[in-house]
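Asker: Submitted below is the structure of interest, expressed as structure tokens.
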Amino acid sequence: MSDWTRGRRSDSHSSKPENRKRGVDGSLRANRETGGSGRENGGHTDGSYRYSEKRHASFTTPESTGPVSRCSRPADWGSQVDDDEMRRDVHRDMQRRRILGAEVTQRERKTSSGSSESCDSREGENMETDEAVLLRRQKQINYGKNTLAYDRYTKEVPKHMRQPGVHPKTPNKFRKYSRRSWDQQIKLWKVKLHAWDPPTEDGQDKVLDIEELDLGDVMDIELDFPTLPDSQNASLPARSLSLEGEDCSGTPVKVQKTETTVEPDMA
Amino acid sequence: MLPSIMENTTDDYRIQSFDLDTQMLLKTALKDPSSVNLEKVSDIIMDQSLKDQVFSKEAGRICYTIVQAEAKQNNGNVFRRNLLNRLQQEFKNREETRGRSLQEWVCYVSFICNIFDYLKVNNMPMVALVHPVYDCLIRLAQPDALMNEEEVDCLVLQLHRIGEQLEKVNSPRMDELFFLLRDGFLLQEGLTSMARLLLLEILEFRAGGWLLSSTAHKYYYSEIAD
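Protein sequences, first through last, are from chains P and X. For the record, in the first sequence the residue sitting at position 161 is 212 according to the numbering used here, with numbers rising by one throughout. For the record, in the second sequence the residue sitting at position 162 is 190 according to the numbering used here, with numbers rising by one throughout.
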């Protein structure tokens, strides 16, 4: 958040309950669509990357104490440049994927399975091409990669030594997945990466908890999630994450316990 | 490191004007960015650029190297982010800065243009800086600014260095700027002869495709001792 936005946070409570939307400069926004005036840079646009002309550049949410800008065009230069850089990287990746994807497809068909996930998105067929989606996914991947855990992981385990199922693998942003499926893969990937967190002073508790989950048995994130409708897709992983492990009765642990006995320490 | 190598670094990055401790800090930042406080380093560079004319024109290079070093070492961008946000702060206050000190204002413009020149993203100029740079140059082309040789000199220097790049990324604003320059040259009363010379030269320079023809070069620069 830029200083500019921060300074306006105290202004967040509007006297007009029916119109709480504020622009990034703190001024009350009329309910009509603002189109071009919603831009955050004082009207300066360079024609690149319009998320959508019709959407407000900022909005208030229950969690925030002030205007929250959409991620489309942050007000501070530092973030803008980071976003531009990410966008260019993603475009470059797309070009690379288009060219290499076609080549690999031919090779893959001749050899047996065991292909790495990144080669699976055949050019044209099931490749995700929506820029907004790719950018969002890349951002999520970047959050995971900009961690000490990832750093330590990549240094400790070179790519050619990675075993599927054991070692975390970055989800492939070019494959078609539902939103839920993708978010779940990211979550699981990051959980797996935690195993490489640097040791903390207060003992290894954090790391042990994660390892107890033993997701490797329960959930293999290299598996191809079929492009099913959201509800079908999400229910499978959710059940498997129950700490009871293989049980998979579907009933969360806490509910089970309260149904049977009332223990003093449950209070 | 050999003393001679250290000296080259000082020269290359023009950091002679810093005290020795700070020079050491900067050199460490170049070699091992994660071992220093990069926010502090970017602040030091920013502050010095506003005071030191020579450094403000060349600071882009050391900034570029630190950005690359940090990215390579740990994929970080603390330095760049902080530098840009400081630049943005100063940009917001530029009119006040200009009112307080022409020198500081001129230093700021040199610095932001130098950053624009050096800090590319995937070999493309940083889009976020395009309009701010134009805003600064257009400010320098205003009638009150044209009266000050310092500001005219700064303006033409930046156009020589980054004019072509700027035009490529936004041609209409360059046209806007040059309308002002033509008007300034033609109509502005009270311009010094040096100011008029500088303006004429830059008008020819752009008209020549950001190149001075050899005859024009002879005209403008032949008086300078070889």
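Beta carbons: idealized from backbone N, C-alpha and C, even for Gly. Note that the structure is predicted; figures quoted are calculated from it, not measured.
Excluding the five sequence neighbours on either side, which residues of its own chain have a C-beta within less than 7 Å of the C-beta of X:Gly191, listed in chain order?
Answerer: Looking up residue 191 of chain X in the second sequence gives position 163. Scanning its chain for C-beta atoms nearer than 7 Å, with the 5 sequence neighbours on each side dropped, one finds around X:Gly191 the residues Arg234 and Trp238, in chain order.
Asker: Let me know the secondary structure DSSP gives X:Val82 once reduced to three states.
Answerer: In the second sequence, residue 82 of chain X corresponds to position 54, counting from 1. Reduced to three states, the DSSP call for X:Val82 is helix.
Asker: Please check the pair X:Val142 and P:Asn197, which I expect to be a contact at CB under 8 Å, by giving their CB distance rounded to whole angstroms.
Answerer: To locate residue 142 of chain X, count along the second sequence from 1; it is residue 114. To locate residue 197 of chain P, count along the first sequence from 1; it is residue 146. It should be pointed out that residue 142 of chain X corresponds to Asn in this sequence rather than to Val. Not really, about 28 Å apart at Cβ, beyond 8 Å.
Asker: Looking only at its chain, what residues have a beta carbon closer than 7 Å to the beta carbon of X:Asp145, apart from the 5 residues adjacent to it on each side?
Answerer: Taking the first residue of the second sequence as 1, we reach residue 145 of chain X at position 117. For X:Asp145, where only same-chain residues beyond five positions count, the Cβ hits under 7 Å are Gly88, Arg189 and Ile190.
Asker: So for P:Met137, helix, strand or coil by DSSP?
Answerer: Stepping through the first sequence from its first residue, residue 137 of chain P is reached at position 86. Reduced to three states, the DSSP call for P:Met137 is helix.
Asker: When the Cα of X:Pro160 is compared with those of X:Glu123, X:Asp60 and X:Arg42, which residue comes out closest?
Answerer: Within the second sequence, residue 160 of chain X is the residue found at index 132, counting from 1. Per the Cα distances, X:Glu123.
Asker: Please compile the residues from chain P whose C-beta is within a distance smaller than 8 Å of the C-beta of X:Ala156.
Answerer: The residue given as residue 156 of chain X occupies position 128 in the second sequence. The contacting residues are Trp128, Gln131, Val132 and Asp135.
Asker: In the stretch 108 to 130 of chain X, which residues sit with their C-beta less than 9 Å from some C-beta in chain P, listed in chain order?
Answerer: Arg108, Arg109, Asn110, Leu111, Leu112, Asn113, Leu115, Gln116, Gln117, Phe119 and Lys120
Asker: Quick check on the DSSP output: the alpha helix (DSSP H) that includes X:Glu229 runs from which residue to which?
Answerer: Translated into the one-based positions of the second sequence, residue 229 of chain X becomes position 201. For X:Glu229, the enclosing alpha helix (DSSP H) stretches over residues Ser221 to Ala235.
Asker: What residue from X:Asn151, X:Glu132 and X:Leu208 has the CA that sits closest to X:Ile230's CA?
Answerer: Against the second sequence, residue 230 of chain X aligns to sequence position 202. When only C-alpha atoms are compared, the closest one is X:Leu208.
Asker: Please name the residue in X:Asn176, X:Leu187, X:Val155 and X:Ala156 whose C-alpha comes closest to that of X:Leu165.
Answerer: On the second sequence, residue 165 of chain X is found 137 positions in, with the first residue counted as 1. Residue X:Leu187 is the option with its Cα nearest to X:Leu165.
Asker: Can you find a C-beta in chain P that's less than 9 Å from the C-beta of X:Val64?
Answerer: Numbered from 1 along the second sequence, position 36 holds the residue referred to as residue 64 of chain X. At a cut-off of 9 Å between beta-carbon atoms, X:Val64 makes no contact with chain P.
Asker: List the DSSP bridge partners of P:Pro215.
Answerer: Residue mapping note: residue 215 of chain P aligns to position 164 of the first sequence, counting from 1. P:Pro215 is bridged to P:His218.
Asker: Along chain X, which residues have their Cβ under 9 Å away from the Cβ of P:Pro202?
Answerer: Locating residue 202 of chain P in the first sequence gives position 151, counting from the first residue. It should be noted that the sequence gives Asp, not Pro, for residue 202 of chain P. Listed along chain X are Asn102 and Asn103, each with a C-beta nearer than 9 Å to that of P:Asp202.
Asker: Between X:Arg128, X:Asp49 and X:Ala97, which has its C-alpha nearest X:Lys79's C-alpha?
Answerer: Indexing the second sequence from 1 puts residue 79 of chain X at position 51. Comparing Cα positions, the closest option is X:Arg128.
Asker: Verify the CB distance criterion: does P:Arg213 have a CB-CB separation below 9 Å to chain X?
Answerer: Locating residue 213 of chain P in the first sequence gives position 162, counting from the first residue. Answer no: the Cβ-Cβ gap between P:Arg213 and chain X never drops below 9 Å.
Asker: I'd like to know whether the C-beta atoms of X:Leu168 and X:Leu219 end up nearer to each other than 9 Å.
Answerer: Position 140 of the second sequence, counted from the start, is the residue given in the question as residue 168 of chain X. Position 191 of the second sequence, counted from the start, is the residue given in the question as residue 219 of chain X. Taking 9 Å as the Cβ cut-off, X:Leu168 and X:Leu219 do not qualify as a contacting pair.
Asker: Check whether the Cβ atoms of P:Ile192 and P:Lys227 sit closer than 9 Å, and answer yes or no.
Answerer: Your numbering for residue 192 of chain P matches position 141 in the first sequence. Your numbering for residue 227 of chain P matches position 176 in the first sequence. If you check the CB distance, P:Ile192 and P:Lys227 do not come in under 9 Å.
Asker: Find out if the Cβ-Cβ distance for the pair X:Leu275, X:Val158 is shorter than 9 Å.
Answerer: Only positions 29 to 254 of chain X appear in this structure, which leaves residue 275 of chain X out of reach.
Asker: Along chain X, which residues have their Cβ under 9 Å away from the Cβ of P:Arg139?
Answerer: As a first step, residue 139 of chain P is located in the first sequence; it is residue number 88 there, counting from the start. Neighbours of P:Arg139 on chain X, chain order: Val149, Asn150 and Met152.
Asker: Which of the three DSSP states is assigned to X:Val64 in this structure?
Answerer: Translated into positions along the second sequence, residue 64 of chain X becomes position 36. Three-state result, X:Val64: coil.
Asker: How would you call X:Gly236, buried or exposed, if buried means at least 16 neighbouring beta carbons within 10 angstroms?
Answerer: Position 208 of the second sequence, counted from the start, is the residue given in the question as residue 236 of chain X. Exposed is the call here.
Asker: Does the CB of P:Lys220 have a neighbour CB from chain X at under 9 Å?
Answerer: Numbered from its first residue, the first sequence carries residue 220 of chain P at position 169. It does not; no Cβ of chain X falls within 9 Å.
Asker: Please list, in chain order, the chain B residues whose beta carbon lies closer than 7 Å to that of P:Asn197.
Answerer: Absence of chain B from the displayed structure is noted, the protein chains being P and X.
Asker: Using only alpha-carbon positions, find the residue among X:Met202, X:Val134, X:Val149 and X:Asn176 that is nearest to X:Gln216.
Answerer: Taking the second sequence and counting its residues from 1, one reaches residue 216 of chain X at position 188. Comparing Cα-Cα distances from X:Gln216 to each of X:Met202, X:Val134, X:Val149 and X:Asn176, the minimum goes to X:Asn176.
Asker: Comparing alpha-carbon positions, which option in P:Asp127, P:Ser232 and P:His218 lies nearest X:Asn113?
Answerer: In the second sequence, counting from the first residue as 1, residue 113 of chain X sits at position 85. Among P:Asp127, P:Ser232 and P:His218, the Cα nearest to that of X:Asn113 is on P:Asp127.
Asker: Give a yes or no on whether 9 Å exceeds the smallest Cβ distance from X:Pro200 to chain P.
Answerer: Translated into the one-based positions of the second sequence, residue 200 of chain X becomes position 172. So no, X:Pro200 is outside the interface.
Asker: For P:Pro219, which residues of its own chain have a beta-carbon under 6 Å away from its beta-carbon, when the five flanking residues on both sides are left out?
Answerer: The sequence position of residue 219 of chain P within the first sequence is 168, counting from 1. Cβ within range, chain order: Trp240, Lys243 and Leu244.
Asker: Taking the C-alpha atoms as reference points, what is the distance between P:Leu186 and X:Leu240?
Answerer: Along the first sequence, one-based indexing puts residue 186 of chain P at 135. Along the second sequence, one-based indexing puts residue 240 of chain X at 212. So the two alpha carbons sit approximately 43 Å from each other.
Asker: Answer yes or no: does any C-beta atom of chain P fall closer than 9 Å to that of X:Pro160?
Answerer: Locating residue 160 of chain X in the second sequence gives position 132, counting from the first residue. For X:Pro160, the answer is yes, since a Cβ of chain P falls inside 9 Å of its Cβ.
Asker: Expressed to the nearest angstrom, what Euclidean distance is found between the alpha-carbon atoms of X:Gln131 and X:Val137?
Answerer: Residue 131 of chain X sits at position 103 when you count from the first residue of the second sequence. Residue 137 of chain X sits at position 109 when you count from the first residue of the second sequence. Taking the straight line from one Cα to the other gives about 10 Å.
Asker: Are the beta-carbon atoms of X:Val69 and X:Ile43 separated by less than 9 Å?
Answerer: Translated into positions along the second sequence, residue 69 of chain X becomes position 41. Translated into positions along the second sequence, residue 43 of chain X becomes position 15. Against a cut-off of 9 Å, the Cβ pair of X:Ile43 and X:Val69 comes out as no contact.
Asker: By alpha-carbon positions, which one of X:Asp40, X:Phe213, X:Ser242 and X:Ser77 ends up nearest to X:Ile140?
Answerer: Here residue 140 of chain X refers to the residue found at position 112 of the second sequence. When each option's Cα is compared against that of X:Ile140, the closest is X:Ser77.
Asker: Considering only their Cβ atoms, is the gap separating P:Arg139 from X:Val149 smaller than 9 Å?
Answerer: Within the second sequence, the letter at position 121 stands for residue 149 of chain X. Within the first sequence, the letter at position 88 stands for residue 139 of chain P. Closer than 9 Å, so yes.
Asker: Assign P:Arg226 to one of three DSSP states: helix, strand, or coil.
Answerer: Along the first sequence, read from residue 1 onward, the residue named residue 226 of chain P stands at position 175. P:Arg226 falls in the strand class under three-state DSSP.
Asker: Does DSSP put X:Met154 in a helix, in a strand, or in coil?
Answerer: Start at 1 with the first residue of the second sequence, and residue 154 of chain X comes out as number 126. The answer is coil: DSSP assigns X:Met154 none of H, G, I, E or B.
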